[in-house]
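**Student:**
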Amino acid sequence: MTAIMVQGTSSGAGKTTIATAICRALSDRGRSVAPFKAQNMSRYSHTVGGRPMARAQAVQAVAARCEARTDLNPILLRPAGDDSSDVYVNGELLGRMRAREYYAFARGRGLRAARAALRRLEAAHDIVVIEGAGSPAEINIGTGDIANMAMAEASRAAVILVADISRGGAFASIVGTMALLEARHRRLVRGILVNKFRGDVRILRRGYARLERVTKRPVIGTVPVIGVGLPEEDSMGDAPARRAMPPAAALGAACSRLAREVGRHVDYGALEAMACR
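Here the working numbering = 1-based position in the sequence shown + 1157.
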């Protein structure tokens, strides 16, 4: 099985956008593609056969031209306030959990459910495009983080680390993330992608040269801020008009536009080759 994984130095780095673009691009290249996110916390969901899954993975299913199903997002967390979430496993409500209880669940049953869903996708598709959650270097969570390096190890994925440069601090976040990863996890990171850039990319060259020396990883692309009309993954800051799922035809067209725009700055063929090694 071949897998590529998009991880981020933080929440909001652009993992969902980049993973969606890769799904459509690899599908356009004739691959059977499935998106996957082991655990997603979101207020917005998409229902398939009466079972909820994260809306972001439903959008990515359109991008990948595959059937939307709960295997794409086996664990859905719906925030319920007061440090608690409603936990859905394979589309069925397991119950409401606080953070400590959830992490105990994640280390056992949650991890097993995520691995099983990933195995089913591996058996059915050429490539699985995996999206991480938050950052892989949340050292306070430890083995409770089943959405990042646990999935990279399970799939032997080539990991791309994405950083948001629009707010400053991207170089430090990349170096810090790499430094905090365990050595066996650091080895899985194959490249760095700088996202949400505005301006003349030439001003980044000196920084990239030093970044590559320090991390020993190539910068594989600099992606600008892109707006193509896809619904936001969650409710923070998005306009009401972008909260609903667009019609399928419009959604597919938006995915194609996104893939083209990202493809101006990222070599999909190189990504595919990286994943296939």
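Idealized CB from N, CA, C, for every residue including glycine.
What would DSSP say about R1235, mapped onto helix, strand or coil?
**Tutor:** strand
**Student:** Taking Cβ positions, are R1212 and R1235 nearer each other than 8 Å?
**Tutor:** no
**Student:** Using only CA atoms, which one of E1279, G1326, F1328 and D1321 lies nearest to A1309?
**Tutor:** E1279
**Student:** Helix, strand or coil, according to DSSP, for R1347 in the structure here?
**Tutor:** strand
**Student:** Inspect the CB distances between the stretch 1251-1270 and the stretch 1288-1296 and report whether three or more fall short of 8 Å.
**Tutor:** The stretch 1251-1270 makes no contact with the stretch 1288-1296; the number of CB pairs closer than 8 Å stays below 3.
**Student:** At what residues does the beta strand (DSSP E) containing E1310 begin and finish?
**Tutor:** Per DSSP, E1310 belongs to no beta strand (DSSP E); it is in the alpha helix (DSSP H), M1306 to S1312.
**Student:** Would you mind working out which of R1277, A1170 and A1160 sits nearest A1327, comparing C-alpha positions?
**Tutor:** A1170
**Student:** Among S1168, I1175, I1161 and Q1164, which has the Cα closest to the Cα of G1420?
**Tutor:** I1175
**Student:** Assign K1373 to one of two classes, buried (16 or more other C-beta atoms within 10 Å of its C-beta) or exposed (fewer than that).
**Tutor:** exposed
**Student:** Which runs of the alpha helix (DSSP H), 4 residues or longer, sit entirely within the stretch 1176-1253?
**Tutor:** As far as the stretch 1176-1253 is concerned, its whole alpha helix (DSSP H) runs of at least 4 residues are 1212-1221.
**Student:** Can the beta-carbon of R1331 be found closer than 8 Å to that of I1317?
**Tutor:** Residue identity check: residue 1331 is Ile in the sequence provided, not Arg. Taking a C-beta distance under 8 Å as the contact criterion, I1331 and I1317 do not qualify as a contact pair.
**Student:** Can we say the stretch 1194-1208 touches the stretch 1225-1234, given the rule of at least three CB pairs closer than 8 Å?
**Tutor:** yes
**Student:** Quick one: Cα of E1339 to Cα of D1283, how far?
**Tutor:** 29 Å
**Student:** Terminal residues of the continuous alpha helix (DSSP H) containing A1281?
**Tutor:** A1281 -> alpha helix (DSSP H) spans L1268 to A1281.
**Student:** Can you check whether the CB of Y1425 is closer than 8 Å to the CB of A1182?
**Tutor:** yes
**Student:** Is the Cβ of A1273 closer than 8 Å to any Cβ of chain B?
**Tutor:** You won't find chain B in this structure, because it holds only one protein chain.
**Student:** Look up L1387 in the DSSP assignment and say whether it is helix, strand or coil.
**Tutor:** coil
**Student:** Excluding the 5 residues preceding and the 5 following L1251 in the sequence, name in chain order all residues of the same chain whose CB lies nearer than 7 Å to its CB.
**Tutor:** V1244 and Y1245
**Student:** Inspect the beta-carbon positions of V1351 and V1163 and report whether they are closer than 8 Å.
**Tutor:** no
**Student:** Can you name, in chain order, every residue of its own chain whose Cβ lies under 7 Å from the Cβ of D1264, other than the five neighbours on each side?
**Tutor:** The displayed chain sequence assigns Arg, not Asp, to residue 1264. Excluding sequence neighbours, R1264 sits near T1300 and G1301.
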